[in-house]
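There are 2 protein chains.
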Amino acid sequence: MTADRKAGRPSLAQVAALSGVSVKTASRALGGEPRVAPETRSRVRDAADQLGYRLNGVARELRRGASTSTLVGLLIGDLANPFYSRLAGGLERDLRMRGLQLITASTDEDPEWERRLADALLERRVRGLVIASTATAHAHFAAEHRHGIPFVFVDRPPVELAADTVLLDNHHGARQAGVHLTAAGHRRIGVVGDLSRLSTHRDRLDGFAAAMRVAGVANWADYLVENAHDVAAAEQAVLGLLGRTAPPTALFTMNNRITLGALRALRGHPAPPALVGFDEVDLGDVLGVSVVAHDPEDMGRRAAELLLDRIDGHRGPARQVVIPTRLLARGSGERPPTPAATAGS
Amino acid sequence: MTADRKAGRPSLAQVAALSGVSVKTASRALGGEPRVAPETRSRVRDAADQLGYRLNGVARELRRGASTSTLVGLLIGDLANPFYSRLAGGLERDLRMRGLQLITASTDEDPEWERRLADALLERRVRGLVIASTATAHAHFAAEHRHGIPFVFVDRPPVELAADTVLLDNHHGARQAGVHLTAAGHRRIGVVGDLSRLSTHRDRLDGFAAAMRVAGVANWADYLVENAHDVAAAEQAVLGLLGRTAPPTALFTMNNRITLGALRALRGHPAPPALVGFDEVDLGDVLGVSVVAHDPEDMGRRAAELLLDRIDGHRGPARQVVIPTRLLARGSGERPPTPAATAGS
DNA sequence: CCAACCCATGACAACGTTGACGCCGCATCG
DNA sequence: CGATGCGGCGTCAACGTTGTCATGGGTTGG
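Order-wise, the sequence lines are chains A and B.
For the first sequence, the tail end lands on 345 under the UniProt record's numbering, and the numbers increase by one without skipping.
For the second sequence, the tail end lands on 345 under the UniProt record's numbering, and the numbers increase by one without skipping.
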């Protein structure tokens, strides 16, 4: 009966026509502006309801200029990684208090897709962008950044761009892990890491290397496996290490997914090696997994702080926030070297 | 030196002026249209680079009409819940293959915030919307839906709206859990559930009740605790159940967060009750946790399928897909009732 | 040598909204 | 009683882009 099917979404002009007022009055009535007669306002509202009208935010945004957007973008490697989702949670809560809405997109650690996502969000004129970037250069964002769009880099620093940044203390955390294990007497420590191109990986490796240097463990890199990007790869890597003639007496798993893979590999092992992981893992306390912990929510909150500050007009130079780490000894990291460890399998 | 600071983002007109061509030619050159002299094209490109120009997607979208958007929205309760993030992962992969970009926002199970997020995305004219809705009515979306915007409801069905839906087989899964536990001899089963208003909760409860009816367990609801929405609340709920004079000999934890809370509560327990959880949990296999499992990624893929079909112009009536569940017996669910269970604490 | 054609480019309008401004009529005030 | 004010409403232009149509110069072919 109603002829509104298929006609596309109705415009303000149609609402105005139906309610017998000018387009501008309809805009005023629906926009909550003051100078409208109550009777007119309700007539316009009725017409809008009848047509199923919804404001065209695209047109509004164009007319008003970019500063009215309430959307903030977050680009991360993987939604399903609890580190990122907790970071997103902390960020979101603080943005919401300011009426800003967080939209998150996953790059799958693909630099090209990351660029396309960033483009899509920037073209849509988001109010700001928070990125855990997988790319190796960010000059691409220089123009936007100069034009005043707030950028905050989290977890991984920008390259060739001076922008606000929130990082973990990767070096220190990994050094703690190394010190902890060598102090317990371990000399053969299996180290399993993520994609070698990631700055977090390199920083953690540096920190661990520093601990090895201090402890006088020269050949530690013999037990290093890199590019274990998912749980299954990590499990295989650990199984490989354990199968060696002189297997490691301890493991340092350099992120949460790798720790999960290691725990899977160690299942039912009669004399499991000691284990320290970077990042918290679910049920880590229940399972007694020693980890280098930190606070992803706080990272999100600090990122929100930097971003909101820029949105409020702060113009100073790029700032950098470092989130501390602390080692939680829960049992797995305190196991001594197995006596028979020198024997091959 | 360059006077481009603070001037806002440059427009096509400025690029055109700098390169000495008309706005339309600049548009053609940057848009990759064919009829442009190579030399002109590179001149325009240089000017764009120099100014740090980026296409204004808002204006383009307005000019071209909504059908060009490549953004699909996903609204979920909580980013940090692995069920949702895996669903998002499955959805995203299939959308990406079609060049569509998924943006995810978290409603925090707040119906009002959900509405505002949906409004923001719909006003921005996303190409489609996938919702795990926490609201109790969706007539609000009726107009958009009639105007052809594709909606897919996941995990929870729409109310007062006929739209495509992907659901879990909650009833069957919960019934399986109940049958499994009663078959092992349990008669006092602690049941811990999420917010009682959620349809998933009600469906699971119905399924469990059906199993109890068949097994002849009349007073099962005496051991029911609802509205345990986070891990801490679930832990408390389980501790409360265990502290009763006649504690349950088994637990049915109705979602993944609740299962985590229960595992925490059961830590170090000398004779833990049997446990079956709904949803998979990380390390569930390592820990030997019996669960009613399903495939969240598949849920995402099916949602993508329905959505893409609509985007491709399918106009049929609303469809409903049900994702099966299966019980994974890993140990925790097969523990028999503890003999001394009738004794109080 | 002129017609027919194509290529590169430009002028113009339109997408849907809102800010700036103007106009009319009625109430208020000196 | 005329000036002033203001409430209610309309007209117009502009945001930045792209589709349509037009134009001028060069090439091709009969």
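Quick reminder that beta carbons are idealized off the backbone N, C-alpha and C, glycines included.
Checklist entry - With 9 Å set as the bound, which would you pick, yes or no: does the beta-carbon of A/I103 sit closer than that to a beta-carbon of chain B? => result Indexing the first sequence from 1 puts residue 103 of chain A at position 103. Output row for A/I103: interface = yes.
Checklist entry - Along the chain, where does the alpha helix (DSSP H) that runs through B/D230 open and close? => result Taking the first residue of the second sequence as 1, we reach residue 230 of chain B at position 230. Where B/D230 is concerned, there is no enclosing alpha helix (DSSP H), given that its DSSP letter is neither H nor E.
Next on the checklist: Here's the rule: buried if 16 or more other CB atoms are within 10 angstroms of the residue's CB, otherwise exposed. What is B/S22?
Outcome noted: Taking the first residue of the second sequence as 1, we reach residue 22 of chain B at position 22. B/S22 comes out exposed.
Checklist entry - Apart from the five residues on each side of it in sequence, which residues of its chain come closer than 6 Å, Cβ to Cβ, to A/L307? => result Residue numbering aside, residue 307 of chain A sits at position 307 when the first sequence is read from its first letter. The residues are G128, P150, V152.
Checklist entry - Considering only the beta carbon of each residue, do B/G277 and B/A262 sit closer than 9 Å? => result Stepping through the second sequence from its first residue, residue 277 of chain B is reached at position 277. Stepping through the second sequence from its first residue, residue 262 of chain B is reached at position 262. A contact, by the Cβ cut-off of 9 Å.
Checklist entry - Out of curiosity, what's the CA-to-CA distance linking B/Q14 and B/Y84? => result In the second sequence, counting from the first residue as 1, residue 14 of chain B sits at position 14. In the second sequence, counting from the first residue as 1, residue 84 of chain B sits at position 84. Roughly 45 Å separates the two Cα atoms.
Next on the checklist: So the candidates are B/R319, B/S27, B/E123; which of them puts its Cα closest to the Cα of B/A48?
Outcome noted: Translated into positions along the second sequence, residue 48 of chain B becomes position 48. The residue with the shortest Cα to Cα distance from B/A48 is B/S27.
Checklist entry - Is the Cβ of B/E144 closer than 9 Å to any Cβ of chain A? => result Position 144 of the second sequence holds residue 144 of chain B. B/E144 counts as touching chain A.
Item to check | Residue nearest to B/E305 in terms of C-alpha spacing, selected from B/G190, B/I103, B/A250, B/L91 | outcome: Walking along the second sequence from the start, residue 305 of chain B turns up at place 305. Of B/G190, B/I103, B/A250, B/L91, the residue nearest in Cα terms is B/L91.
Checklist entry - Are the beta-carbon atoms of A/A228 and A/V192 separated by less than 9 Å? => result Along the first sequence, read from residue 1 onward, the residue named residue 228 of chain A stands at position 228. Along the first sequence, read from residue 1 onward, the residue named residue 192 of chain A stands at position 192. The answer is yes: Cβ separation under 9 Å.
Checklist entry - In chain order, what residues of the same chain lie with their CB nearer than 6 Å to the CB of A/I258, ignoring the 5 residues before and after it? => result As a first step, residue 258 of chain A must be located in the first sequence, where it is residue number 258. V192, A228, A234.
Next on the checklist: I want to see whether chain A comes within less than 9 Å of B/S11, judged by CB atoms only; does it?
Outcome noted: As a first step, residue 11 of chain B must be located in the second sequence, where it is residue number 11. No - not a single Cβ of chain A is within 9 Å of the one on B/S11.
Checklist entry - CA-CA distance, A/R310 and A/Q101? => result Position 310 of the first sequence, counted from the start, is the residue given in the question as residue 310 of chain A. Position 101 of the first sequence, counted from the start, is the residue given in the question as residue 101 of chain A. The alpha-carbon atoms of A/R310 and A/Q101 are separated by roughly 16 Å.
Next on the checklist: I'd like the list of long-range same chain contacts for A/D94, defined as Cβ closer than 8 Å, with 5 residues on each side in sequence excluded.
Outcome noted: Translated into the one-based positions of the first sequence, residue 94 of chain A becomes position 94. Around A/D94: G300, R301, A304, E305, L308.
Item to check | Proximity of A/V292 and A/G284 at Cβ, strictly below 9 Å | outcome: As a position in the first sequence, residue 292 of chain A is number 292, starting the count at 1. As a position in the first sequence, residue 284 of chain A is number 284, starting the count at 1. No, the Cβ-Cβ distance between A/V292 and A/G284 is not below 9 Å.
Item to check | Under 7 Å by beta carbon: chain B residues contacting A/G89 | outcome: Here residue 89 of chain A refers to the residue found at position 89 when the first sequence is read from its first residue. In chain order: L79, A80.
Next on the checklist: Determine, for A/K6, whether the minimum Cβ-Cβ distance to residues of chain B falls below 9 Å.
Outcome noted: As a position in the first sequence, residue 6 of chain A is number 6, starting the count at 1. Only weak support is given to the placement of A/K6: the predicted model assigns it a pLDDT of 46, under 50, and the question is left unresolved by the model.
Item to check | Between the CA atoms of A/T245 and A/A343 - distance to the nearest angstrom | outcome: Position 343 of the first sequence holds residue 343 of chain A. Position 245 of the first sequence holds residue 245 of chain A. In this predicted model, A/A343 has a pLDDT of only 42, less than 50, meaning its place in the structure is not dependable; the value taken from the coordinates is given anyway. Cα to Cα, the separation comes out at about 7 Å.
Item to check | Candidates B/R125, B/F141, B/A132, B/V154, of which the one nearest A/V58 by Cα | outcome: Residue mapping note: residue 58 of chain A aligns to position 58 of the first sequence, counting from 1. It is B/R125.
Item to check | Minimum C-alpha distance to B/R43 - residue among B/N56, B/R35, B/A29 | outcome: Here residue 43 of chain B refers to the residue found at position 43 when the second sequence is read from its first residue. Closest option to B/R43, Cα to Cα, is B/A29.
Item to check | Residues near A/E160 by beta carbon distance below 7 Å, same chain, minus five either side | outcome: For this step, residue 160 of chain A is matched to residue 160 along the first sequence. If we look at A/E160 and ignore the five residues flanking it on each side, its Cβ neighbours are A137, H138, A139.
Next on the checklist: Contact criterion: CB-CB distance below 9 Å. Does A/S85 meet it with respect to chain B?
Outcome noted: Position 85 of the first sequence, counting from 1, holds the residue named residue 85 of chain A. Yes, A/S85 counts as interfacial toward chain B.
Item to check | Nearest-angstrom Cβ-Cβ length linking A/D282 and B/D282, presumed shorter than 8 Å | outcome: Position 282 of the first sequence, counting from 1, holds the residue named residue 282 of chain A. Position 282 of the second sequence, counting from 1, holds the residue named residue 282 of chain B. About 5 Å separates the two Cβ atoms, so the contact holds.
Next on the checklist: Whole angstroms are fine: how far does the CA of A/G316 sit from the CA of A/T182?
Outcome noted: Taking the first sequence and counting its residues from 1, one reaches residue 182 of chain A at position 182. Taking the first sequence and counting its residues from 1, one reaches residue 316 of chain A at position 316. Spanning the two alpha carbons is a distance of roughly 43 Å.
Next on the checklist: Could you check whether B/N56 and A/L62 sit closer than 9 Å to each other, using their CB atoms as the reference points?
Outcome noted: Along the first sequence, read from residue 1 onward, the residue named residue 62 of chain A stands at position 62. Along the second sequence, read from residue 1 onward, the residue named residue 56 of chain B stands at position 56. Against a cut-off of 9 Å, the Cβ pair of B/N56 and A/L62 comes out as a contact.
Checklist entry - Which residues mark the beginning and the end of the beta strand (DSSP E) in which B/R326 is found? => result Here residue 326 of chain B corresponds to residue number 326 of the second sequence, with the count starting at 1. Per DSSP, B/R326 belongs to the beta strand (DSSP E) from 326-328.
Next on the checklist: Can you check which of these residues, A/A135, A/R187, A/Q320, is closest to A/E114 by C-alpha distance?
Outcome noted: For the purposes of this step, residue 114 of chain A is taken as residue 114 along the first sequence, with counting starting at 1. Minimum Cα distance to A/E114 is reached at A/A135.
Checklist entry - What are the boundary residues of the alpha helix (DSSP H) that B/T25 is part of? => result Within the second sequence, the letter at position 25 stands for residue 25 of chain B. Run containing B/T25: 23-31, per the alpha helix (DSSP H) assignment.
Item to check | Cα-Cα separation, A/V36 to B/P158 | outcome: Position 36 of the first sequence, counted from the start, is the residue given in the question as residue 36 of chain A. Position 158 of the second sequence, counted from the start, is the residue given in the question as residue 158 of chain B. For A/V36 and B/P158, the distance between alpha carbons rounds to 36 Å.
Checklist entry - For the putative contact between A/N170 and A/G207, defined by C-beta atoms under 8 Å, what is the C-beta separation to the nearest angstrom? => result The residue given as residue 170 of chain A occupies position 170 in the first sequence. The residue given as residue 207 of chain A occupies position 207 in the first sequence. Right, their Cβ atoms sit about 6 Å apart.
Next on the checklist: Please report the straight-line C-alpha distance between B/A105 and A/T104, rounded to a whole angstrom.
Outcome noted: Stepping through the second sequence from its first residue, residue 105 of chain B is reached at position 105. Stepping through the first sequence from its first residue, residue 104 of chain A is reached at position 104. Going by the C-alpha atoms only, they are around 6 Å apart.
Checklist entry - Where A/T2 and B/G148 are concerned, what is the direct C-alpha to C-alpha distance, given to the nearest angstrom? => result Locating residue 2 of chain A in the first sequence gives position 2, counting from the first residue. Locating residue 148 of chain B in the second sequence gives position 148, counting from the first residue. With a pLDDT of only 40 at A/T2, under the threshold of 50, the placement of this residue in the model should not be trusted; the figure read from the coordinates follows. Their Cα atoms are separated by approximately 15 Å.
Item to check | beta strand (DSSP E) segments (min. 3 residues) lying fully within the stretch 201-257 of chain A | outcome: 250-253
Checklist entry - At which residues does the alpha helix (DSSP H) containing B/V286 begin and terminate? => result Within the second sequence, numbered from 1, the residue matching residue 286 of chain B stands at position 286. Start and end: 284-287.
Checklist entry - Under 9 Å between C-beta atoms, does A/D298 make it to chain B? => result Reading the first sequence from its first residue, position 298 is the one you call residue 298 of chain A. No, no contact with chain B.
Checklist entry - Based on the DSSP output, what are the partners of A/G73 in its beta bridges? => result Indexing the first sequence from 1 puts residue 73 of chain A at position 73. DSSP lists A/I103, A/L129 as partners of A/G73.
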